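Each residue of the sequence shown is one higher than the one before, starting from 1 at the first, in the UniProt record's numbering.
Taking it in order: structure first as structure tokens, then the write-up.
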Amino acid sequence: MRSRTARSEDIDFFLAQEARAEFQNFIFSSSREQHQQYINLQDCQYFIFQNDEIEDAIGYAILSGLTSPHGNICLVRIVMAKPEQGYGKQALRLLLDWVFQEYKAHRFWLDVFEDNHRARHVYQSVGFREEGLLREVVKQQDKYVSQVVMSILEQEYFQQSGNF
Numbered sequence: 001m002r003s004r005t006a007r008s009e010d011i012d013f014f015l016a017q018e019a020r021a022e023f024q025n026f027i028f029s030s031s032r033e034q035h036q037q038y039i040n041l042q043d044c045q046y047f048i049f050q051n052d053e054i055e056d057a058i059g060y061a062i063l064s065g066l067t068s069p070h071g072n073i074c075l076v077r078i079v080m081a082k083p084e085q086g087y088g089k090q091a092l093r094l095l096l097d098w099v100f101q102e103y104k105a106h107r108f109w110l111d112v113f114e115d116n117h118r119a120r121h122v123y124q125s126v127g128f129r130e131e132g133l134l135r136e137v138v139k140q141q142d143k144y145v146s147q148v149v150m151s152i153l154e155q156e157y158f159q160q161s162g163n164f
């Protein structure tokens, strides 16, 4: 797997993935205009993930906080077009390398819906730790749902990767 910086031409891919019914309760969606605005911000970075054998996008991620004076980068969203293929874990490892080796961040964090057990397991498998619960923070249809805050610190990343 490889990644590249996303471009405005990739927005249709983002919108198509965000519109999928099976992702409805697990990811937020943005409008075309919002993506267009954020993709050009200095504080954000959009990535496209591609399989080594084909050029088609297999997923994307959005990071924010790149200009944080505290070295905290947020994984705003990661979406894989074909879940349960192992691509998500590979994409997260690429992001971890970028965040800690290229950007020199201190902390990489995210929030995930409490009932998204598959995603929480994948995040934990690459070193993220659960920090706390944002209780009933998002309204979905007729109920409020909670999110779990997870992070990995720079020293934890380097300890697990063997890069000191």
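Beta carbons: idealized from backbone N, C-alpha and C, even for Gly.
These numbers come from a predicted model, not from an experiment.
Mind checking residue i: buried by the 16 CB within 10 Å criterion, or exposed?
{"i": "residue 108", "result": "buried"}
{"i": "residue 127", "result": "buried"}
{"i": "residue 216", "result": "One cannot answer for residue 216 here, as it falls past the ends of the chain, which runs 1 to 164."}
{"i": "residue 6", "result": "buried"}
{"i": "residue 164", "result": "Residue placement at residue 164 is poorly supported in this model, since its pLDDT is 47, which falls under 50; the coordinates are not used for a value here."}
{"i": "residue 28", "result": "exposed"}
{"i": "residue 4", "result": "exposed"}
{"i": "residue 152", "result": "buried"}
{"i": "residue 49", "result": "buried"}
{"i": "residue 76", "result": "buried"}
{"i": "residue 88", "result": "buried"}
{"i": "residue 158", "result": "exposed"}
{"i": "residue 73", "result": "buried"}
{"i": "residue 54", "result": "exposed"}
{"i": "residue 137", "result": "exposed"}
On the three-state DSSP scale, how would you describe residue i?
{"i": "residue 128", "result": "coil"}
{"i": "residue 111", "result": "strand"}
{"i": "residue 164", "result": "With a pLDDT of 47 at residue 164, under the threshold of 50, the modelled position of this residue cannot be trusted, and the question is left open."}
For the ligand ADP, is there a heavy atom less than 7 Å away from the beta-carbon of residue i?
{"i": "residue 83", "result": "The model on display carries no ligand, and the ligand ADP is accordingly not part of it."}
**Prompt:** In chain order, which alpha helix (DSSP H) runs of at least 4 residues are fully inside the UniProt domain "N-acetyltransferase" (1 to 155)?
**Reply:** The qualifying runs are 11 to 18, 32 to 39, 87 to 97, 117 to 125.
**Message:** Across the region 99 to 114 and the region 141 to 154, are there enough close Cβ pairs to call them in contact, namely three or more that are closer than 8 Å?
**Reply:** Yes: the two stretches touch, three or more of their Cβ pairs being nearer than 8 Å.
**Item:** Cβ contact (3+ pairs, closer than 8 Å) linking the region 87 to 94 and the region 22 to 33
**Value:** With a cut-off of 8 Å, the region 22 to 33 and the region 87 to 94 do not count as touching, because too few Cβ pairs lie within range.
**Asked** Are the region 64 to 71 and the region 40 to 48 touching, with three or more C-beta to C-beta distances below 8 Å?
**Response** In the pairwise beta carbon analysis, the region 64 to 71 is classified as touching the region 40 to 48: at least three pairs are separated by under 8 Å.
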